[in-house]
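A.B. asks: Residue numbers (my numbering), protein chains in the order written: chain P, 347 to 840; chain D, 347 to 840. Backbone N, C-alpha and C fix where the C-beta goes; we use that ideal spot for every residue, glycine too.
Number of protein chains: 2
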Amino acid sequence: MAIELKNLTKRADNYSAWYNELVVKADLAEQSDVRGCMVIKPYGYAIWEKIQQSLDRRFKETGVQNVYFPMLIPKSFLSKEADHVEGFAKECAVVTHYRLKNASDGSGVVVDPEAKLEEELIIRPTSETTIWNTYRKWIHSWRDLPVLCNQWCNVMRWEMRTRLFLRTSEFLWQEGHTAHATREEAEARAKQMIRLYADFVENEMAIPLVVGVKSETERFAGALDTYTIEAMMQDGKALQSGTSHFLGQNFGKAFDVQFVDKENKLDFAWATSWGVSTRLMGALIMTHSDDNGLVLPPNLAPIQVVIVPIYKGDDERTAFDEKLQALADSLRCRGLSVKYDNADNKRPGFKFADYELKGVPVRLVMGRRDLQNGTIEVMRRDTLEKETVAIQGIEERVETLLADIQKNIFTKAKTFLDAHIFPCDNYDEFKARVKDGGFFLCPWDGTAETEAKIKDDTQATVRCIPFDSDQSNPGIDMVSGKPAVCRAIIARSY
Amino acid sequence: MAIELKNLTKRADNYSAWYNELVVKADLAEQSDVRGCMVIKPYGYAIWEKIQQSLDRRFKETGVQNVYFPMLIPKSFLSKEADHVEGFAKECAVVTHYRLKNASDGSGVVVDPEAKLEEELIIRPTSETTIWNTYRKWIHSWRDLPVLCNQWCNVMRWEMRTRLFLRTSEFLWQEGHTAHATREEAEARAKQMIRLYADFVENEMAIPLVVGVKSETERFAGALDTYTIEAMMQDGKALQSGTSHFLGQNFGKAFDVQFVDKENKLDFAWATSWGVSTRLMGALIMTHSDDNGLVLPPNLAPIQVVIVPIYKGDDERTAFDEKLQALADSLRCRGLSVKYDNADNKRPGFKFADYELKGVPVRLVMGRRDLQNGTIEVMRRDTLEKETVAIQGIEERVETLLADIQKNIFTKAKTFLDAHIFPCDNYDEFKARVKDGGFFLCPWDGTAETEAKIKDDTQATVRCIPFDSDQSNPGIDMVSGKPAVCRAIIARSY
Numbered sequence: 347m348a349i350e351l352k353n354l355t356k357r358a359d360n361y362s363a364w365y366n367e368l369v370v371k372a373d374l375a376e377q378s379d380v381r382g383c384m385v386i387k388p389y390g391y392a393i394w395e396k397i398q399q400s401l402d403r404r405f406k407e408t409g410v411q412n413v414y415f416p417m418l419i420p421k422s423f424l425s426k427e428a429d430h431v432e433g434f435a436k437e438c439a440v441v442t443h444y445r446l447k448n449a450s451d452g453s454g455v456v457v458d459p460e461a462k463l464e465e466e467l468i469i470r471p472t473s474e475t476t477i478w479n480t481y482r483k484w485i486h487s488w489r490d491l492p493v494l495c496n497q498w499c500n501v502m503r504w505e506m507r508t509r510l511f512l513r514t515s516e517f518l519w520q521e522g523h524t525a526h527a528t529r530e531e532a533e534a535r536a537k538q539m540i541r542l543y544a545d546f547v548e549n550e551m552a553i554p555l556v557v558g559v560k561s562e563t564e565r566f567a568g569a570l571d572t573y574t575i576e577a578m579m580q581d582g583k584a585l586q587s588g589t590s591h592f593l594g595q596n597f598g599k600a601f602d603v604q605f606v607d608k609e610n611k612l613d614f615a616w617a618t619s620w621g622v623s624t625r626l627m628g629a630l631i632m633t634h635s636d637d638n639g640l641v642l643p644p645n646l647a648p649i650q651v652v653i654v655p656i657y658k659g660d661d662e663r664t665a666f667d668e669k670l671q672a673l674a675d676s677l678r679c680r681g682l683s684v685k686y687d688n689a690d691n692k693r694p695g696f697k698f699a700d701y702e703l704k705g706v707p708v709r710l711v712m713g714r715r716d717l718q719n720g721t722i723e724v725m726r727r728d729t730l731e732k733e734t735v736a737i738q739g740i741e742e743r744v745e746t747l748l749a750d751i752q753k754n755i756f757t758k759a760k761t762f763l764d765a766h767i768f769p770c771d772n773y774d775e776f777k778a779r780v781k782d783g784g785f786f787l788c789p790w791d792g793t794a795e796t797e798a799k800i801k802d803d804t805q806a807t808v809r810c811i812p813f814d815s816d817q818s819n820p821g822i823d824m825v826s827g828k829p830a831v832c833r834a835i836i837a838r839s840y
Numbered sequence: 347m348a349i350e351l352k353n354l355t356k357r358a359d360n361y362s363a364w365y366n367e368l369v370v371k372a373d374l375a376e377q378s379d380v381r382g383c384m385v386i387k388p389y390g391y392a393i394w395e396k397i398q399q400s401l402d403r404r405f406k407e408t409g410v411q412n413v414y415f416p417m418l419i420p421k422s423f424l425s426k427e428a429d430h431v432e433g434f435a436k437e438c439a440v441v442t443h444y445r446l447k448n449a450s451d452g453s454g455v456v457v458d459p460e461a462k463l464e465e466e467l468i469i470r471p472t473s474e475t476t477i478w479n480t481y482r483k484w485i486h487s488w489r490d491l492p493v494l495c496n497q498w499c500n501v502m503r504w505e506m507r508t509r510l511f512l513r514t515s516e517f518l519w520q521e522g523h524t525a526h527a528t529r530e531e532a533e534a535r536a537k538q539m540i541r542l543y544a545d546f547v548e549n550e551m552a553i554p555l556v557v558g559v560k561s562e563t564e565r566f567a568g569a570l571d572t573y574t575i576e577a578m579m580q581d582g583k584a585l586q587s588g589t590s591h592f593l594g595q596n597f598g599k600a601f602d603v604q605f606v607d608k609e610n611k612l613d614f615a616w617a618t619s620w621g622v623s624t625r626l627m628g629a630l631i632m633t634h635s636d637d638n639g640l641v642l643p644p645n646l647a648p649i650q651v652v653i654v655p656i657y658k659g660d661d662e663r664t665a666f667d668e669k670l671q672a673l674a675d676s677l678r679c680r681g682l683s684v685k686y687d688n689a690d691n692k693r694p695g696f697k698f699a700d701y702e703l704k705g706v707p708v709r710l711v712m713g714r715r716d717l718q719n720g721t722i723e724v725m726r727r728d729t730l731e732k733e734t735v736a737i738q739g740i741e742e743r744v745e746t747l748l749a750d751i752q753k754n755i756f757t758k759a760k761t762f763l764d765a766h767i768f769p770c771d772n773y774d775e776f777k778a779r780v781k782d783g784g785f786f787l788c789p790w791d792g793t794a795e796t797e798a799k800i801k802d803d804t805q806a807t808v809r810c811i812p813f814d815s816d817q818s819n820p821g822i823d824m825v826s827g828k829p830a831v832c833r834a835i836i837a838r839s840y
């Protein structure tokens, strides 16, 4: 498994190629032999596990419980919610048979035509339909509400153009599905979850966000409102990183989920759903990494600290081992994830390049002189700055440094984001500049016609109407010249 | 969601009905509207999560890393390993199309005939084929070995007769797949993992086991050896609870995974695979539970301690709340999972029956007199014994009691298992007794013919040749009258 450490394309030369190469060279994921489906490798999956654990704890703190619903959905379920079927029927994997048999010519196996399903089954693209079909059996009274369920699972959407993590036919995600007795409670839950996502992504992934509400055009199929977190990649394009939907009573009505309310009247249950996926991995990679490889936030790095001795021969190695194994253990006692790499089959220069590529936040190197002097070299991955310090007290220094890196990469990305949000109310200026990236905060008349024209002209879309922005006097729509109803973030996106 | 607490069938009346009802009434799982696929409900999933966490930690301690491979497998992959295709092609879900479209008559959606796949895709029944197809790209030198990967995922086998947890078309599991440079190392890993499973199942699930090796007939399709852990249910039937396979070079050869060994010669990689599934939930339920409901081992119980006050009116409730919230927090500080149930919309009697049904190991009840006297009633779920004790020092008592329950339910099950292992070398006696349950330790000539005859006559199968049994002088095969090659456990099974 020779790692090709060199020849990583530079971001400035080809940002897209840089990303594709980095995902593979850093051993995060690779294409499989099934079109559009990826293999998530151990190093990539270790980051995903940290994302899962952190989110799962946050979900549970809000009363959410995990469940598991079947992966296969009867075709007819999809048709029950009119908007939903339009959004999801187009791109789904269809199971039509349940058996193979040996080919009569001995060439292998073929589908057994006798094992045809009466009704075809769809591999879930999302699970609102199957879950609400079950909620009908669970929900009868206001006492049964709220129902707050989440599942971690795989889903499938047959994408034509795929990219590792960003858009794959199969991906991993969590999907939360809640049912409530009142509209107010459901709306509050949908907003609570987008805030939860934002808190996680900003504080753990160190990715600054714009949080807001989607336009009707960009809403989830079947939602009354879709809330979104939008991140900005280093090329200025938007990456939708998570969404939370207020579904009204659409699924309650489609699947006849009725309950007796406190006034003893029948009503349909109110719904939300919300999800983030392995797409977050793409956001993580693209936000922080550089021409040397990954830059990982310490809070999610599988290896937070790597320790490398520079020695010659077994005798010297033993001296280093004694000192540095103890240091590694001491750091582990503080809850840090530490790798001590004394392998003798790779040169130090190779190791350094490899750990840079993998984005290990802190590297400690000890050479012969350090061993004599009681010093050690500390390098931080985000800035590549090195300094030689006393080994005495190194544990506190490493802890402080990790916290500082976490903060620094967020600040760097936040500065970049803020510098690339452009208020703009002139369409010619917009058209001239939008292809270079950035979030354009523009007066918008709220119509789908205007959105369509902008998309046709520039490929840019309304990303969201941000929560935390001044929406007084939105001005005049830059396309139609009509009074704007809000200021929206418009940008190209992944 | 009214809970039907009464009318749980008694084990003695109908063990099978008792199980089916208990799974549903204890809110563990239910049938979905997709044939053979289940919904795992929050309480059931919480137990599964504890199983996952405990196993995952153990895997990682042995160097295993988690990964994710695609769910869909090209049909042709299945054919590459001759035995494997025989074992798995018969019962798999086949994806043939990737799009639906609106029916021309407006009746819903239909499969779009233009979206037919060139090669059909199979939903993984197990992932040896797709993983070894990828290992070819990862493994080139002995330095790349061992590869120790595991994934937690869903799999699908089209079962005709299904039962919640025990046999479902879709189930959740983990599948470990390792590649090694030598036969010895692979065999040692396969054995290491069955011992790991046994340690987990006996110590965390409190289920005693017989550990051994499968007969050739019962081996995994493509394996040279299959190791198994066999548990005994209360009806004396065996439940295969986990398996670990030594696959030799079968998959290395089928997928051309060659590496350069230390002597610079090309060789095929050696393989193992090993898995446990949501079937373990069935073993857990059936081993310990009784006519009142679930009995859960404290190590896996989502709620280890429930505290119930018996009060009248809000004033009295406040007095209890003050005392018992503090007790709950004090127990939580010791790492216990505690529920304080002061809900006023359910009577104490209902709560007691519900927590018995759910198998909560320890119940603490405080009434008015207890509040005055500084006492509390302690009930243990396994024996249903109650005693009233001083609240002073209750935390230590609860901790000791939980440890005692964990040990007691194991001992009880172990006593049952040991009492139902019957050495037997007379076929008439065997035939007369085997339908009543139990593991029969019988001299066996090692032939498939004998196995087939036993199965035809009695439905019993060779469960395993146990590791920890006296195999000297195995005697005379009870069916064929030929010299036996070993003593095997023969039993009916789930």
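Less than 8 Å between the beta carbons of T472/D and E516/D, yes or no?
C.D. replies: One-based indexing of the second sequence puts residue 472/D at position 126. One-based indexing of the second sequence puts residue 516/D at position 170. Not in contact: T472/D and E516/D (Cβ atoms no closer than 8 Å).
A.B. asks: Interface residues of chain P around N412/D at Cβ under 8 Å?
C.D. replies: The residue labelled residue 412/D in the question sits at position 66 within the second sequence. In chain order: P388, Y391, A392 and E395.
A.B. asks: Tell me which residues of the region 419-440 of chain D have at least one Cβ-Cβ distance to chain P shorter than 7 Å, keeping chain order.
C.D. replies: Listed by position along the chain: P420, K421, S422, L424, S425, V431, A435, K436, E437, C438, A439 and V440.
A.B. asks: List the residues of chain P whose Cβ lies closer than 7 Å to the Cβ of C770/D, in chain order.
C.D. replies: On the second sequence, residue 770/D is found 424 positions in, with the first residue counted as 1. Simply none; closest approach about 39 Å.
A.B. asks: When we look at the beta-carbon of M712/D and count the other beta-carbons within 10 Å, is it buried (16 or more) or exposed?
C.D. replies: Looking up residue 712/D in the second sequence gives position 366. Looking at its Cβ environment, which holds 16 or more other Cβ atoms inside 10 Å, M712/D is buried.
A.B. asks: In the DSSP output, what is V457/P paired with across the bridge?
C.D. replies: One-based indexing of the first sequence puts residue 457/P at position 111. Bridge partners of V457/P: L446/P.
A.B. asks: Would you list, in chain order, the members of the region 718-732 of chain D that have their beta-carbon closer than 9 Å to a beta-carbon of chain P?
C.D. replies: Per Cβ criterion, the list is empty.
A.B. asks: Report the residue from R482/P, C495/P and N500/P whose alpha carbon sits nearest the alpha carbon of R470/P.
C.D. replies: Taking the first sequence and counting its residues from 1, the one referred to as residue 470/P is at position 124. When each option's Cα is compared against that of R470/P, the closest is N500/P.
A.B. asks: Show which residues of chain P have a CB atom less than 8 Å away from the CB atom of C326/D.
C.D. replies: Because chain D here runs from 347 to 840, residue 326/D falls outside it and cannot be looked at.
A.B. asks: For W519/D and M824/P, what's the separation of their Cα atoms in angstroms?
C.D. replies: On the second sequence, position 173 is the one that residue 519/D refers to. On the first sequence, position 478 is the one that residue 824/P refers to. Using only the alpha carbons, I get a separation of about 55 Å.
A.B. asks: Return the chain-ordered ranges of every beta strand (DSSP E) run that is complete within the region 751-830 of chain P and spans a minimum of 3 residues.
C.D. replies: Fully enclosed beta strand (DSSP E) runs of 3 or longer: 767-769, 785-790 and 807-812.
A.B. asks: Can you tell me which of the three DSSP states W394/D falls into?
C.D. replies: Locating residue 394/D in the second sequence gives position 48, where the first residue counts as 1. Note: W394/D maps to helix in three-state DSSP.
A.B. asks: Would you kindly work out how many angstroms separate the C-alpha atoms of Y389/P and S683/P, rounded to a whole number?
C.D. replies: Stepping through the first sequence from its first residue, residue 389/P is reached at position 43. Stepping through the first sequence from its first residue, residue 683/P is reached at position 337. C-alpha separation (whole angstroms): 14 Å.
A.B. asks: What number of angstroms, rounded off, separates the C-alpha of T609/D from the C-alpha of H486/D?
C.D. replies: Counting from one through the second sequence, the residue named residue 609/D turns up at place 263. Counting from one through the second sequence, the residue named residue 486/D turns up at place 140. Before going further, note that residue 609/D is Glu rather than Thr in the sequence given. About 14 Å.
A.B. asks: Which class does A534/D belong to by DSSP, given the choice of helix, strand or coil?
C.D. replies: For this step, residue 534/D is matched to residue 188 along the second sequence. A534/D: helix per DSSP, three-state reduction.
A.B. asks: Pull out every residue of the region 448-459 of chain D whose Cβ sits closer than 7 Å to any Cβ of chain P, in chain order.
C.D. replies: Of all residues in the region 448-459 of chain D, G454, V455 and V457 have a Cβ within less than 7 Å of some Cβ in chain P.
A.B. asks: Listed from N- to C-terminal order along the chain, which residues in the region 353-383 of chain D have their beta-carbon within a distance smaller than 7 Å of any beta-carbon of chain A?
C.D. replies: No chain A appears in the structure shown, which is made up of the protein chains P and D.
A.B. asks: Report yes if the C-beta distance between G295/D and Y657/D is below 8 Å; otherwise report no.
C.D. replies: Given a span of 347 to 840 for chain D in the structure shown, any question on residue 295/D remains unanswerable.
A.B. asks: Give a yes or no on contact between the region 550-567 of chain D and the region 636-645 of chain D, applying the rule of three or more CB pairs nearer than 8 Å.
C.D. replies: With a cut-off of 8 Å, the region 636-645 of chain D and the region 550-567 of chain D count as touching, because enough Cβ pairs lie within range.
A.B. asks: With burial defined as no fewer than 16 other Cβ atoms inside 10 Å of the residue's Cβ, what is the status of A348/D: buried or exposed?
C.D. replies: Residue 348/D sits at position 2 when you count from the first residue of the second sequence. Confidence in A348/D is poor, its pLDDT being 40 and thus under 50, which makes the residue's placement too unreliable to answer from.
A.B. asks: Give me whichever residues DSSP pairs with Y573/P in a beta bridge.
C.D. replies: Indexing the first sequence from 1 puts residue 573/P at position 227. Paired residues: V559/P and S590/P.
A.B. asks: Could you tell me the alpha carbon to alpha carbon distance between S362/P and V547/P, rounded to whole angstroms?
C.D. replies: Here the question's residue 362/P lines up with position 16 in the first sequence. Here the question's residue 547/P lines up with position 201 in the first sequence. Between S362/P and V547/P, the C-alpha separation is close to 23 Å.
A.B. asks: When the cut-off is 8 Å and only beta carbons count, does E466/D lie next to chain P?
C.D. replies: Working through the second sequence from its first residue, we reach residue 466/D at position 120. Yes, because at least one Cβ of chain P sits closer than 8 Å to the Cβ of E466/D.
A.B. asks: Counting pairs of beta carbons, one from the region 422-432 of chain D and one from the region 595-605 of chain D, are three or more of them closer than 8 Å?
C.D. replies: Yes: at least three Cβ pairs fall under 8 Å.
A.B. asks: Report the residue from C788/P, D458/P and D814/P whose alpha carbon sits nearest the alpha carbon of G827/P.
C.D. replies: Here residue 827/P is taken as the residue at index 481 of the first sequence, counted from 1. Comparing Cα positions, the closest option is C788/P.
A.B. asks: Is K583/P helix, strand or coil by DSSP?
C.D. replies: Taking the first sequence and counting its residues from 1, the one referred to as residue 583/P is at position 237. Reduced to three states, the DSSP call for K583/P is coil.
A.B. asks: Report, in whole angstroms, the separation of the C-beta atoms of L512/P and R625/P, which I expect to be a contact under 8 Å.
C.D. replies: The residue labelled residue 512/P in the question sits at position 166 within the first sequence. The residue labelled residue 625/P in the question sits at position 279 within the first sequence. Yes, L512/P and R625/P are in contact; Cβ-Cβ is about 6 Å, under 8 Å.
A.B. asks: Does the contact criterion of 3 or more C-beta pairs under 8 Å hold for the region 397-414 of chain P versus the region 378-389 of chain D?
C.D. replies: Touching, yes.
A.B. asks: Between the C-alpha atoms of N496/P and G558/P, what's the straight-line distance to the nearest angstrom?
C.D. replies: By 1-based counting over the first sequence, the position of residue 496/P is 150. By 1-based counting over the first sequence, the position of residue 558/P is 212. So the two alpha carbons sit approximately 23 Å from each other.
A.B. asks: In angstroms with no decimal places, state the Cα-to-Cα distance between Q817/P and C832/P.
C.D. replies: Position 471 of the first sequence, counted from the start, is the residue given in the question as residue 817/P. Position 486 of the first sequence, counted from the start, is the residue given in the question as residue 832/P. Computed Cα separation, rounded: 6 Å.
A.B. asks: Should T746/D be labelled buried (16 or more other beta-carbon atoms within 10 Å of its own) or exposed?
C.D. replies: Position 400 of the second sequence, counted from the first residue, corresponds to residue 746/D. Exposed, by the Cβ-count rule.
A.B. asks: Under 8 Å, Cβ to Cβ, is there at least one residue of chain P near Y444/D?
C.D. replies: What you label residue 444/D is simply residue 98 of the second sequence in a count that begins at 1. At least one chain P Cβ lies under 8 Å of Y444/D.
A.B. asks: By the criterion of Cβ-Cβ separation under 9 Å, what are the contact partners of P643/D in chain P?
C.D. replies: Within the second sequence, residue 643/D is the residue found at index 297, counting from 1. Those within 9 Å of P643/D in chain P number zero; the least Cβ separation is about 20 Å.
A.B. asks: Tell me the rounded alpha-carbon separation between D607/P and R529/P.
C.D. replies: As a first step, residue 607/P must be located in the first sequence, where it is residue number 261. As a first step, residue 529/P must be located in the first sequence, where it is residue number 183. Looking at the two C-alpha atoms, the distance is approximately 13 Å.
A.B. asks: Kindly indicate which residue of A830/D, I811/D, L463/D and P655/D has the alpha-carbon position closest to the one of V556/D.
C.D. replies: In the second sequence, the residue the question calls residue 556/D occupies position 210. Of the listed residues, the one whose Cα sits closest to V556/D is I811/D.
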